[in-house]
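>
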Amino acid sequence: MEPWEAPVRFLPLPLPPVHGEVFGWHLNRLAAANYVTSGQLAQTLTPFKNALIGKRTDTLWRWTPMVLPRLALLTGLTHETLRMLLPAISRIEARTGGEVIRYRRRLYVACSGTEPDNIPAAKICKMSFAGHRYFRIHPEVRSTNAWSAREVIMSASYFTFVNYPDIDEFSDFAQRRSWVLTFPSEEAGESALVDDDRIEYAWTPPSGGEVRFVQDATLELFCLGLTRVTDDVLEALRISYGIQSREDLLDLWEADSDREDILLRLANAGGAEYSNEVSAVVEEALSDVDSRVRATALLTAAYLGWNELLPTVERVSRSDEDPHARAIALSAAHSITLSNSVTAR
Numbered sequence: 002m003e004p005w006e007a008p009v010r011f012l013p014l015p016l017p018p019v020h021g022e023v024f025g026w027h028l029n030r031l032a033a034a035n036y037v038t039s040g041q042l043a044q045t046l047t048p049f050k051n052a053l054i055g056k057r058t059d060t061l062w063r064w065t066p067m068v069l070p071r072l073a074l075l076t077g078l079t080h081e082t083l084r085m086l087l088p089a090i091s092r093i094e095a096r097t098g099g100e101v102i103r104y105r106r107r108l109y110v111a112c113s114g115t116e117p118d119n120i121p122a123a124k125i126c127k128m129s130f131a132g133h134r135y136f137r138i139h140p141e142v143r144s145t146n147a148w149s150a151r152e153v154i155m156s157a158s159y160f161t162f163v164n165y166p167d168i169d170e171f172s173d174f175a176q177r178r179s180w181v182l183t184f185p186s187e188e189a190g191e192s193a194l195v196d197d198d199r200i201e202y203a204w205t206p207p208s209g210g211e212v213r214f215v216q217d218a219t220l221e222l223f224c225l226g227l228t229r230v231t232d233d234v235l236e237a238l239r240i241s242y243g244i245q246s247r248e249d250l251l252d253l254w255e256a257d258s259d260r261e262d263i264l265l266r267l268a269n270a271g272g273a274e275y276s277n278e279v280s281a282v283v284e285e286a287l288s289d290v291d292s293r294v295r296a297t298a299l300l301t302a303a304y305l306g307w308n309e310l311l312p313t314v315e316r317v318s319r320s321d322e323d324p325h326a327r328a329i330a331l332s333a334a335h336s337i338t339l340s341n342s343v344t345a346r
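Just add 1 to wherever you are in the sequence shown, counting from 1, and you've got the working numbering.
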């Protein structure tokens, strides 16, 4: 019998969620209070295969509505209370019912300070959504267990998925093509997959290069980082998953598609190197009449970390009519400044 099929019982310390709390954050608090791992707790709620669940996890793409009655038994709270306190519950139910869910948040921001000079995470900037959600900005420069060298990142091309894959499905796709899994290593195990913001797998195809699969909790997107792969690998990915490059997204922008969605995708597919075209799109979006588009563009600017965007972001922080946008712009400007100060070292 699987853990999610076994009977559940009331926890010794059933901490209630804070109103609007991120699901992963609540599950980690609940697990710590009851001396179990977040992965063990997640496995009692729904089919879940990773060792841990990130604190920023709130998308829950593969979770099923069974999580609600089982969490109610664990915490002693009613279904209605859990729906009210944990927005992810309602999104799981709506998505299962066939609705297309793209959660739009009302944003405000608070920045952290820097960490020691030798830690790439010195570019951390905490962004709070609905008062409780915190994100790490600009993850291209990662610790050595995730990204081995800066030059690899700079040479990578980034793509987003049109058709979101299941990680097990994508692993099968890689295995059928004899790709070798290089991250996480067999010694590290699945616990190495967990970063508060990103879960990553990497493979090397027989023809060389690297294919890195990333689930980004910040942007609620799946993306690919491709480094020195051959055309046949790229074509197989395009046919199977309809992946979108930076150029594809720029074309969609010109066609006046969903601007918020494109901006979020450009945050991942924009690449580590500066692009005049992407910068122009972000600059245009920062002057959009829709405050939600401006807020999303600020997130994209902070995520890309390009110093060329700093003057416009600072202008928004001083003069935007929306106080929430001004707060996000202030944080984004701080994040960009930190990004460039770390890169310069």
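C-beta: ideal position from N, C-alpha, C; glycine also.
Just so you know, these numbers come straight off a predicted model, no measurement behind them.
Looking at C-beta atoms only, is the number of pairs between the stretch 259 to 275 and the stretch 174 to 187 that lie closer than 8 Å three or more?
At 8 Å Cβ cutoff, the stretches do not touch.
> Going straight from the alpha carbon of Ala33 to that of Ala157, what length do you get?
When rounded, the distance between both Cα atoms is 38 Å.
> Which first and last residues belong to the alpha helix (DSSP H) in which Val28 is found?
In the sequence under discussion, the amino acid at residue 28 is Leu, which differs from the Val named in the question. From DSSP, the alpha helix (DSSP H) with Leu28 extends over Phe24 to Ala34.
> Thinking C-alpha only, which one of Leu75, Val68 and Leu74 is nearest Pro88?
When each option's Cα is compared against that of Pro88, the closest is Val68.
> Could you give the distance in angstroms between the alpha-carbon of His20 and the alpha-carbon of Met85?
If you take the alpha carbons of His20 and Met85, they lie about 7 Å apart.
> Cα-Cα, which of His27, Asp321, Asp249 and Leu300 is closest to Thr76?
Nearest of His27, Asp321, Asp249 and Leu300 to Thr76, Cα basis: His27.
> Would a C-beta distance cut-off of 8 Å place Thr65 and Pro4 closer than the cut-off?
Going by C-beta atoms, Thr65 is not nearer than 8 Å to Pro4.
> Can you check whether the CB of Tyr242 is closer than 8 Å to the CB of Pro166?
The answer is yes: Cβ separation under 8 Å.
> Taking only runs of the alpha helix (DSSP H) that begin and end inside the stretch 258 to 299, which ones reach a length of at least 4 residues, in chain order?
If we require 4 residues or more, the alpha helix (DSSP H) runs fully inside the stretch 258 to 299 come out as 260 to 270 and 277 to 286.
> Using CA atoms only, rank isn't needed, just tell me which of Trp307, Ser292, Thr58 and Tyr202 is closest to Ala328.
Of the candidates Trp307, Ser292, Thr58 and Tyr202, the one whose C-alpha sits nearest the C-alpha of Ala328 is Ser292.
> Are the beta-carbon atoms belonging to Leu305 and Ala268 less than 8 Å from one another?
Yes, they are a contact pair.
> Is Ile54 helix, strand or coil by DSSP?
Note: Ile54 maps to coil in three-state DSSP.
> Pull up the distance between the alpha-carbon of Pro13 and that of Tyr36, whole angstroms please.
Taking the straight line joining both Cα atoms gives about 10 Å.
> I need the DSSP call for Arg229, collapsed to helix, strand or coil.
If DSSP states are grouped into helix, strand and coil, Arg229 belongs with coil.
> Could you have a look at Ala157 and say whether DSSP puts it in helix, strand or coil?
Ala157 falls in the coil class under three-state DSSP.
> Tell me the rounded alpha-carbon separation between Ser280 and Glu274.
So the two alpha carbons sit approximately 11 Å from each other.
> Please classify Thr38: does DSSP put it in a helix, a strand, or coil?
Correct three-state label for Thr38: coil.
> Val230 and Cys224 look like a contact to me (Cβ under 8 Å); what is the Cβ gap, rounded to whole Å?
That pair is no contact at about 15 Å.
> Please report how far the alpha carbon of Arg239 lies from the alpha carbon of Val181, in whole angstroms.
For Arg239 and Val181, the distance between alpha carbons rounds to 20 Å.
> Among residues of its own chain, excluding the 5 on either side of Pro48, which ones have a beta-carbon nearer than 8 Å to its beta-carbon?
Glu3, Trp5, Arg63 and Thr65, listed in sequence order.
> Can you tell me which of Val294, Phe184, Phe160 and Glu285 puts its alpha carbon nearest to the alpha carbon of Glu236?
Nearest option by C-alpha distance: Phe160.
> Count the other CB atoms, across all protein chains shown, that sit within 10 Å of the CB of Pro18; report buried if there are 16 or more and exposed otherwise.
Buried: at least 16 other Cβ atoms inside 10 Å.
> How many angstroms separate the CA atom of Val351 from the CA atom of Leu251?
The structure shown has nothing for residue 351, since the chain only spans 2 to 346.
> Using the Cα positions of Pro15 and Leu72, report the straight-line distance between them to the nearest angstrom.
Looking at the two C-alpha atoms, the distance is approximately 10 Å.
> Would you check if the distance between the CB atom of Ile200 and the CB atom of Gly55 is smaller than 8 Å?
In contact: Ile200 and Gly55 (Cβ atoms closer than 8 Å).
> Measure the alpha-carbon distance for Leu83 versus Ala7 and round it to whole angstroms.
Each residue's Cα considered, the two are about 21 Å apart.
> Please report the straight-line C-alpha distance between Thr338 and Ala303, rounded to a whole angstrom.
The straight-line gap from Cα to Cα measures roughly 9 Å.
> Taking all protein chains shown into account, do 16 or more other C-beta atoms lie within 10 angstroms of the C-beta of Ala256, making it buried, or fewer, making it exposed?
So Ala256 ends up on the exposed side.
> Which residues in the same chain as Ala326 place their Cβ atom closer than 6 Å to its Cβ, once the five residues preceding and following it in sequence are excluded?
Within the same chain, Ala326 has close Cβ partners Ser292, Arg295 and Ala296.
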